[in-house]
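Chains as they are written, first to last, in full-length UniProt numbering: chain C, 1 to 493; chain V, 1 to 357. Glycine included, each C-beta is placed from N, C-alpha and C at the ideal position.
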């Protein structure tokens, strides 16, 4: 499986002709001006026009599109709302974009069984809204939850600010219907606690559209806690804030949310949201407790004690639901807020062991000098997932290249510190080179073999998520990582 | 025994096309399909490699006894939240489950309904595949979406994709408070009540119905447990800890049957209408039956949207019925392709999951 990435050559007119036979006119876009809105996802620095965009309305049409593309050897890139941040839905120059936007129906909300069956184009927040009358909700809450869709959440194994306690998408999805590139339909998972055979659900969730196209998702709904309250703590020193996070965990507390923002981030957010953040603090922590009022009072008491002992300079506990939401609003709006103070920003997504946080932040500070770019840091501190926001101006020649190099260095540092290049945004096209740093040849080969078991022609989202070994060889030639030249066994171009 | 020895054994078996039967403590020899091949004893490859309480993970080698891991975690007030059975001293030939076997079998205990399954706690694995290659998947951090999530796929794969030489699991703090309540009620009422409670923010961490009696365990913050006790009624159970161990270890009389079926069902599913109901767990999601009629059990479970495992039975019956519900032809073909991608010569635990591979 060491073959180079296949070189696709699609006959555009023939493709359009075949697609017109299986899709009604309003479900197919082939003119460049209509294709333009699909040229990128949330990672706008990477753009590519596809040859066509299919907007099927039924599973039968999805099957037809996939069969046709399989027959013609045409790449297929599935797409939800296009909010992804790693370019996972960036089109292929020789391929088709398969948009699931019209699969936007909530098929069933089952109060008794606490689950919802939805189509992949349903927005994340819409699931919780539909479940709200029953006192239930869908736990994973990526910051983009008003727009991002369940299909995309499944593809990326999305997280959110509450996943420390409530888990990622993989912990909250019970079953999916998947169409293979050959047009075969699989039911993976079950409404029962498990299903016979391999746990293919775990394999498919987070597979970035490389293994199949999801046409239906069954999610677990959980009872909405009676109450949630947030403690906001300010620290004079980021290392101390990092230690406080470890202290909370060591005290046996798993908070519903545990987030950190550095000074650059709060400075960007405060004028925009007026959340009441302490702008003198080097870092602030937001720690949420949820449950029954008694439980929350108990946990808030313990958290407050731990934070005070850890050296928090100021502590504030939200006194109302409005205040709690305001504390969170700043965190949730961190990306757009940074977008207001810089022409462009580039969001990273590494994870690191929590105890290496101070080391990581000081390395990032050094990189700001090295690359001459500013960086604000927001951090899912509870689970070690860091989102540095590198600020740059795409209009200035060369600045994007610096931002990209800055980001690459952060990701490679994440791996060196014992973490991962991506916690929740996915590899996509963006971090494809850093996969060569995180994994060695045998693992990458294993990933390619898995891909082959599902998609032997390599038509689903080619060039994403898992790099070819030749690509890694090229990258390794450019970046000798810590004196360890990987992929030595491969010929260099 | 070191990793190279272990990988060398598998490489040699690969080269000579020798089927291997991977074995830790042998505590789950009863589980799954036939036991075939030369025994590859991995119990000696043991020891905790890393444990970081504040990072919430533990990494240990496959032969490490679960009891050792639980003891180490308990010192820091933590636990394996899926509450796996240790099968300590169960059966003649058993020395207590190992970590590798625990993950390979993917069996969780009473806390499954609250905390999640084995796979939900998998963070990483060092796998020796069927050609003797050592592969590192996942890691030690809570969130990691780089590459396919192979480590979770390995939970429940019964050693058919490789030897899980080293495993990293997420660990959690033990609950501060725990209390068990008893209720007298029949099967239908138990299922109805469990699902009704499941939709409320109650700290229910385990449930076990047997012979007209429902045991309900509450775990969490002291205040939450106290409030739930006041709200739910019932009568407090004595010797509750011992009871839950007997459920986890399946030494409770409910599990005493020469042929024992495990049905995984949607929690709210009505009674499947089978004879021989022994116990209900996981809020209705796991139900145990004694009996022999394979087709009837499998059919009933499938009709309700679940599946049936022939959990404990004489080997002849397990071979006849197959331990696990059959897969559709398309899904079976996919399983075989995946199996081949990890174990090209099919030497690892052949037939343990499905007779076809």
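Classify residue i: buried if its beta carbon has 16 or more other beta carbons within 10 angstroms, exposed otherwise.
i	result
residue 44 of chain C	exposed
residue 2 of chain V	exposed
residue 349 of chain V	buried
residue 91 of chain V	Since pLDDT at residue 91 of chain V reaches only 46, below the 50 mark, its modelled position is unreliable, and the value read off the structure follows with that caveat. It counts as exposed.
residue 239 of chain V	exposed
residue 306 of chain V	buried
residue 491 of chain C	Because the pLDDT at residue 491 of chain C is just 47, under 50, the model does not fix this residue reliably, and the value given afterwards should be weighed accordingly. The residue is exposed, with fewer than 16 neighbouring Cβ atoms inside 10 Å.
residue 75 of chain V	exposed
residue 21 of chain C	exposed
May I ask you to report which of helix, strand or coil DSSP gives residue i?
i	result
residue 385 of chain C	strand
residue 290 of chain C	strand
residue 571 of chain C	Absent from the structure is residue 571 of chain C, since the part of chain C shown begins at 1 and ends at 493.
residue 2 of chain V	coil
residue 7 of chain V	helix
residue 234 of chain C	strand
residue 171 of chain C	helix
residue 92 of chain V	Interpretation of residue 92 of chain V is limited by its pLDDT of 44, a score under 50 that renders its predicted location unreliable; the figure taken from the coordinates is listed afterwards. Residue 92 of chain V: coil per DSSP, three-state reduction.
residue 255 of chain V	helix
residue 341 of chain V	helix
residue 14 of chain V	helix
residue 280 of chain V	strand
residue 205 of chain V	strand
residue 138 of chain V	strand
residue 480 of chain C	Bear in mind that a pLDDT of 49 at residue 480 of chain C, under 50, signals an unreliable position, so the number given afterwards is only what the model happens to contain. In the structure shown, residue 480 of chain C sits in coil (DSSP, three-state: anything other than H, G, I, E or B).
residue 295 of chain V	helix
residue 459 of chain C	coil
With respect to the alpha helix (DSSP H) encompassing residue i, which residues constitute its N-terminal and C-terminal limits?
i	result
residue 435 of chain C	432 to 438
residue 414 of chain C	399 to 416
residue 332 of chain C	321 to 332
residue 286 of chain V	Run containing residue 286 of chain V: none in the alpha helix (DSSP H); it sits in the beta strand (DSSP E), 286 to 290.
residue 231 of chain V	222 to 232
residue 153 of chain V	150 to 154
Does any CB atom of chain C fall closer than 8 Å to the CB of residue i?
i	result
residue 133 of chain V	yes
residue 54 of chain V	yes
residue 264 of chain V	yes
residue 300 of chain V	no
residue 145 of chain V	yes
residue 179 of chain V	no
residue 8 of chain V	no
residue 14 of chain V	no
residue 305 of chain V	yes
residue 349 of chain V	no
Which residues share a DSSP beta bridge with residue i?
i	result
residue 250 of chain V	Partner(s): none; residue 250 of chain V has no beta bridge.
residue 65 of chain V	V:98
residue 375 of chain C	C:390
residue 168 of chain V	V:59, V:124
residue 29 of chain C	C:53
residue 261 of chain C	C:284, C:378
residue 189 of chain C	C:175
residue 420 of chain C	C:351
Under 8 Å between C-beta atoms, does residue i make it to chain V?
i	result
residue 61 of chain C	no
residue 345 of chain C	no
residue 10 of chain C	no
residue 103 of chain C	no
residue 439 of chain C	yes
residue 15 of chain C	no
residue 447 of chain C	yes
residue 295 of chain C	yes
residue 280 of chain C	no
residue 226 of chain C	yes
residue 128 of chain C	no
residue 419 of chain C	yes
So the beta strand (DSSP E) residue i belongs to, where does it begin and stop?
i	result
residue 183 of chain V	177 to 184
residue 41 of chain V	38 to 41
residue 30 of chain V	Per DSSP, residue 30 of chain V belongs to no beta strand (DSSP E) and is neither H nor E.
residue 346 of chain C	344 to 347
residue 311 of chain V	307 to 312
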